[in-house]
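Enquirer: Protein chains in written order, with the working numbering: chain L, 1 to 262; chain G, 263 to 377; chain F, 378 to 485. Note that the Cβ used here is the ideal one computed from N, Cα and C, for glycine as well. Owing to the predicted nature of the structure, the values given are computational and were not obtained by experimental measurement.
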Amino acid sequence: MTTNGSRPRMVTVRVQRFNPDVDEKPYFDEFQVELTPAKTILDALHEIKTAQDGSVTYRRSCRHAICGSCAMYVNGKNILVCNTPLRDKIDEEGTVTIRPLPYLPIIKDLVVDRSSFWEQYERVKPWLIPSADVPEKEFRMSSEEVAALNKAETCIMCGACYSACQVIAMNKRYVGPHALLKAFLRVLDPRDMAPSERLADVGDQDGVFRCHTIFNCIDACPKDLDPTKAIETLRKLAQKRQAFEAARRDRQRMLNEPIASS
Amino acid sequence: MYKSTGFISFVLRRLTGVALVIYLFLHMWVIGSVNSGSEAFDARLALVQTPIFKLAEIALLAAVVYHAFDGIRLLIVHYVGVTEYRKSLFYAAFAVAALLTIAGGIPILLFAFQG
Amino acid sequence: MRIFQMQRYSAIALLVFLTIHMIVVHYPPFHVDFTRIIERMGQPLWKAIDIAFLFFVLMHALTGTYAVIIDWERFYAYRRELVGAAALIFILAFVYGARTIWAFQPPA
Chain L
1 MTTNGSRPRM VTVRVQRFNP DVDEKPYFDE FQVELTPAKT ILDALHEIKT
51 AQDGSVTYRR SCRHAICGSC AMYVNGKNIL VCNTPLRDKI DEEGTVTIRP
101 LPYLPIIKDL VVDRSSFWEQ YERVKPWLIP SADVPEKEFR MSSEEVAALN
151 KAETCIMCGA CYSACQVIAM NKRYVGPHAL LKAFLRVLDP RDMAPSERLA
201 DVGDQDGVFR CHTIFNCIDA CPKDLDPTKA IETLRKLAQK RQAFEAARRD
251 RQRMLNEPIA SS
Chain G
263 MYKSTGFISF VLRRLTGVAL VIYLFLHMWV IGSVNSGSEA FDARLALVQT
313 PIFKLAEIAL LAAVVYHAFD GIRLLIVHYV GVTEYRKSLF YAAFAVAALL
363 TIAGGIPILL FAFQG
Chain F
378 MRIFQMQRYS AIALLVFLTI HMIVVHYPPF HVDFTRIIER MGQPLWKAID
428 IAFLFFVLMH ALTGTYAVII DWERFYAYRR ELVGAAALIF ILAFVYGART
478 IWAFQPPA
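#1: List the DSSP bridge partners of ASP29(L).
#2: Quick test of your reading: ALA200(L) and TYR264(G), contact by CB under 8 Å. State the CB separation rounded to the nearest angstrom.
#3: Let me make sure I understand the geometry here. Which of CYS221(L), PRO8(L), ALA132(L) and CYS211(L) has the alpha-carbon closest to that of MET193(L)?
#4: Going by other Cβ atoms of all chains shown within 10 Å of its Cβ, with 16 needed for buried, is MET254(L) buried or exposed?
#5: Kindly indicate if chain L contains any beta-carbon less than 8 Å away from that of THR345(G).
#6: Mind pulling the chain L residues with CB within less than 8 Å of LEU336(G)?
#7: Could you give the first and the last residue of the continuous alpha helix (DSSP H) run that contains THR363(G)?
#8: What are the boundary residues of the alpha helix (DSSP H) that TYR162(L) is part of?
#9: Compute the Euclidean distance between the alpha carbons of PHE272(G) and PHE356(G), then round it to the nearest angstrom.
#10: The alpha helix (DSSP H) spanning VAL280(G) covers which residue range?
#11: Of all the CB atoms in chain G, is at least one closer than 8 Å to the CB of THR228(L)?
#12: Using only alpha-carbon positions, find the residue among GLU144(L), VAL187(L), TYR174(L) and ALA38(L) that is nearest to LEU86(L).
#13: Can you check whether the CB of GLN384(F) is closer than 8 Å to the CB of ILE464(F)?
#14: If you measure beta-carbon to beta-carbon, which residues of the stretch 167-191 of chain L are closer than 8 Å to chain F?
#15: Grouping DSSP H, G and I as helix and E and B as strand, with all else coil, what is ALA65(L)?
#16: By the 10 Å Cβ neighbour count, where 16 or more other Cβ atoms means buried, how is PRO227(L) classified, buried or exposed?
#17: Report the neighbours of PHE209(L) on chain F: residues whose CB is nearer than 8 Å to its CB, in chain order.
#18: Quick test of the definition: if touching needs 3 or more C-beta pairs under 8 Å, does the stretch 381-397 of chain F touch the stretch 428-441 of chain F?
#19: Give the DSSP-derived three-state secondary structure of GLU458(F) in the structure shown.
#20: Nearer than 7 Å: is that true of the beta carbon of MET378(F) relative to any heavy atom of the ligand NAP?
#21: Could you name the residues of the stretch 223-251 of chain L whose beta carbon sits closer than 9 Å to any beta carbon of chain F, in the order they occur along the chain?
#22: With a Cβ-Cβ cutoff of 8 Å, do ARG191(L) and PHE139(L) count as a contact?
#23: Does any CB atom of chain L fall closer than 8 Å to the CB of PHE373(G)?
#24: Measure from the C-beta of GLY279(G) to each C-beta in chain F and report whether the shortest distance is under 8 Å.
#25: Within the 8 Å Cβ cut-off, does ALA44(L) reach chain G?
#26: What does DSSP give as the partner residue(s) for ASN216(L) in the beta ladder?
#27: Taking the alpha carbon of PHE481(F) as the point to measure from, which residue in TRP423(F), TYR404(F) and MET399(F) has its own alpha carbon closest?
#28: Going by beta carbon distance, what residues of the same chain come within less than 7 Å of ILE168(L), once the five residues before and after it are set aside?
#29: So is ASP332(G) buried or exposed if we call it buried at 16+ other beta carbons inside 10 Å?
#30: Any C-beta of chain L sitting closer than 8 Å to the C-beta of TYR453(F)?
#31: Which full runs of the beta strand (DSSP E) of 3+ residues lie inside the stretch 36-93 of chain L, going along the chain?
#32: Relative to the C-alpha of GLY54(L), which candidate in LYS77(L), ASP109(L), VAL11(L) and GLU92(L) has its C-alpha closest?
#33: How would you call SER298(G), buried or exposed, if buried means at least 16 neighbouring beta carbons within 10 angstroms?
#34: Identify the contact partners of VAL339(G) in chain L, using a Cβ-Cβ distance below 8 Å as the criterion.
#35: What residue does the beta strand (DSSP E) around THR97(L) start on, and which one ends it?
Set out below in structure tokens:
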């Protein structure tokens, strides 16, 4: 850096603006923000909103990469702005371009309408369907069973994968990587009692068989999850779901037996 | 567009796929002339064996081998589950397809210009 | 799921059949006319191989086209009609193609 204490280094932040009540189509506003080492992109947006233009609209909540509110399209990639340092995203021209998540209807500026995202999420019944009889002991999973989930339970539902998905861009009837990852989590959960129904639902042409293995979901995920691998697993299981359901019932019977130590 | 190697591979897969479907039906039409006898067959095949068509055949070869190796890449992803090597696999499929196109294109080129 | 499986299994079959087709029919490149290919096409085994090839290539082409079309949200509702049209095209093209393969008889 060339700063010598007297002159702070400034970064141009280009923010896509759109107010559906007034504007025909989106346009960009440019703001100058001082670059400091610890400043995140969300900090820069805050600065713009508080000191330069109060009408700039965006979603944010926790500022710690766990609420999933602040996914945005920055310099052509979907990221969480709260945990991305501003200095990491400066392009060759010294600017950072912030746009709302692609392929979704814009409500205002950087806020998008995520209804289709949540509708598809509900469709896969993302909750656990447990056995009717309450187990007497805690249900212990083996370490292999936990490893097979591939950290899918750490998804924060930010929508980065959903809006990066080329299939979603073309056809919103597709379930989408976020919901399929959740379906994968529930199908592989040994406590769940409805893996066969789940596989029948997502194992259709609007589900796992609509995926074209473009990998944008993996590239976009801020939590380094792997929805594509989850979809490939569901594809395999969907083709042998009776056998899988039977194996699940056996597993449930073993509930009160000690699991093999590994 | 959300640009990535996956997106490029998808666009190429779509374009080559659609081109090959169109080609398939044209190909069936050309070969189908045999139903009207061997003279009709030879006459229609002579139409598509000019140097220009031979050059177009190299583009066809490129489409076929790219589509095939892209497919092999997807089979590897499905059956081996190696999503972490997605970029290398794409480059590998593309490179193999390019090499095979060159290797297969040279004989066609030689044949086209020797008349 | 069935359409996806049809596309995938025909793809695997095509890897074999198309390789055979390319090597045997098109390499090294030569001027194609009836007398040159009838040596091979006159044999019943090659006819059988080519009919199987025709079956898989049509299956792959039509399932692929179907997948391309229903990726378009506007056409997603017409899946049933598209499957019907694809089945019809499959039958017509298969009959036409099989008849063509059959027509390669050595001159009497």
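Expert: This is what the structure gives:
#1: Mapped onto the first sequence, residue 29(L) falls at position 29. BP columns for ASP29(L) point to VAL15(L).
#2: Counting from 1 along the first sequence, the entry for residue 200(L) is found at position 200. Counting from 1 along the second sequence, the entry for residue 264(G) is found at position 2. Actually they are not in contact, since the Cβ atoms of ALA200(L) and TYR264(G) sit about 30 Å apart, beyond 8 Å.
#3: Translated into the one-based positions of the first sequence, residue 193(L) becomes position 193. For the residues CYS221(L), PRO8(L), ALA132(L) and CYS211(L), the minimum Cα distance to MET193(L) belongs to ALA132(L).
#4: Your numbering for residue 254(L) matches position 254 in the first sequence. So MET254(L) ends up on the exposed side.
#5: Counting from 1 along the second sequence, the entry for residue 345(G) is found at position 83. For THR345(G), the answer is yes, since a Cβ of chain L falls inside 8 Å of its Cβ.
#6: Translated into the one-based positions of the second sequence, residue 336(G) becomes position 74. Simply THR213.
#7: Position 101 of the second sequence, counted from the first residue, corresponds to residue 363(G). It spans 348-376 - the alpha helix (DSSP H) in which THR363(G) sits, taken as one unbroken run.
#8: Taking the first sequence and counting its residues from 1, the one referred to as residue 162(L) is at position 162. Its alpha helix (DSSP H) spans residues 160-164.
#9: If you number the second sequence from 1, residue 272(G) lands on position 10. If you number the second sequence from 1, residue 356(G) lands on position 94. Computed Cα separation, rounded: 12 Å.
#10: Indexing the second sequence from 1 puts residue 280(G) at position 18. Where VAL280(G) is concerned, the enclosing alpha helix (DSSP H) stretches over 267-293.
#11: If you number the first sequence from 1, residue 228(L) lands on position 228. Yes, THR228(L) lies at the interface with chain G (some Cβ there is under 8 Å from its Cβ).
#12: Along the first sequence, one-based indexing puts residue 86(L) at 86. Of GLU144(L), VAL187(L), TYR174(L) and ALA38(L), the residue nearest in Cα terms is ALA38(L).
#13: By 1-based counting over the third sequence, the position of residue 464(F) is 87. By 1-based counting over the third sequence, the position of residue 384(F) is 7. It should be pointed out that residue 464(F) corresponds to Ala in this sequence rather than to Ile. Against a cut-off of 8 Å, the Cβ pair of GLN384(F) and ALA464(F) comes out as no contact.
#14: VAL167, MET170, ASN171, LYS172 and ARG173
#15: For this step, residue 65(L) is matched to residue 65 along the first sequence. In the structure shown, ALA65(L) sits in coil (DSSP, three-state: anything other than H, G, I, E or B).
#16: Numbered from its first residue, the first sequence carries residue 227(L) at position 227. Result: buried.
#17: Taking the first sequence and counting its residues from 1, the one referred to as residue 209(L) is at position 209. Going along chain F in sequence order, the residues near PHE209(L) (Cβ under 8 Å) are MET378, ILE380 and PHE381.
#18: yes
#19: Mapped onto the third sequence, residue 458(F) falls at position 81. In the structure shown, GLU458(F) sits in a helix (DSSP, three-state: H, G or I).
#20: Among the components of this structure there are no ligands whatsoever, and the ligand NAP is therefore not found.
#21: ARG235, ALA238 and GLN239
#22: On the first sequence, residue 191(L) is found 191 positions in, with the first residue counted as 1. On the first sequence, residue 139(L) is found 139 positions in, with the first residue counted as 1. A contact, by the Cβ cut-off of 8 Å.
#23: The sequence position of residue 373(G) within the second sequence is 111, counting from 1. Closer than 8 Å: no.
#24: Within the second sequence, the letter at position 17 stands for residue 279(G). GLY279(G) counts as touching chain F.
#25: Within the first sequence, numbered from 1, the residue matching residue 44(L) stands at position 44. For ALA44(L), the answer is no, since every Cβ of chain G falls outside 8 Å of its Cβ.
#26: As a working mapping, residue 216(L) is identified with position 216 in the first sequence. None; ASN216(L) has no bridge partner.
#27: Counted from its first residue, the third sequence places residue 481(F) at position 104. The shortest Cα separation from PHE481(F) among TRP423(F), TYR404(F) and MET399(F) belongs to TRP423(F).
#28: For the purposes of this step, residue 168(L) is taken as residue 168 along the first sequence, with counting starting at 1. Taken in chain order, the residues that qualify are TYR103, TYR162, TYR174 and GLY176.
#29: Residue mapping note: residue 332(G) aligns to position 70 of the second sequence, counting from 1. With 16 or more Cβ atoms within 10 Å of its Cβ, ASP332(G) is classed as buried.
#30: The count along the third sequence starts at 1 and reaches residue 453(F) at position 76. Yes, its Cβ sits closer than 8 Å to a Cβ of chain L.
#31: 71-74 and 77-80
#32: As a first step, residue 54(L) is located in the first sequence; it is residue number 54 there, counting from the start. Taking only the C-alpha atoms, the option nearest GLY54(L) is ASP109(L).
#33: On the second sequence, residue 298(G) is found 36 positions in, with the first residue counted as 1. By the neighbour-count rule (16 or more Cβ atoms within 10 Å), SER298(G) is not buried but exposed.
#34: As a working note, residue 339(G) is residue 77 in the second sequence. The contacting residues are THR213, THR228 and GLU232.
#35: Your numbering for residue 97(L) matches position 97 in the first sequence. Element bounds for THR97(L): 95-99.
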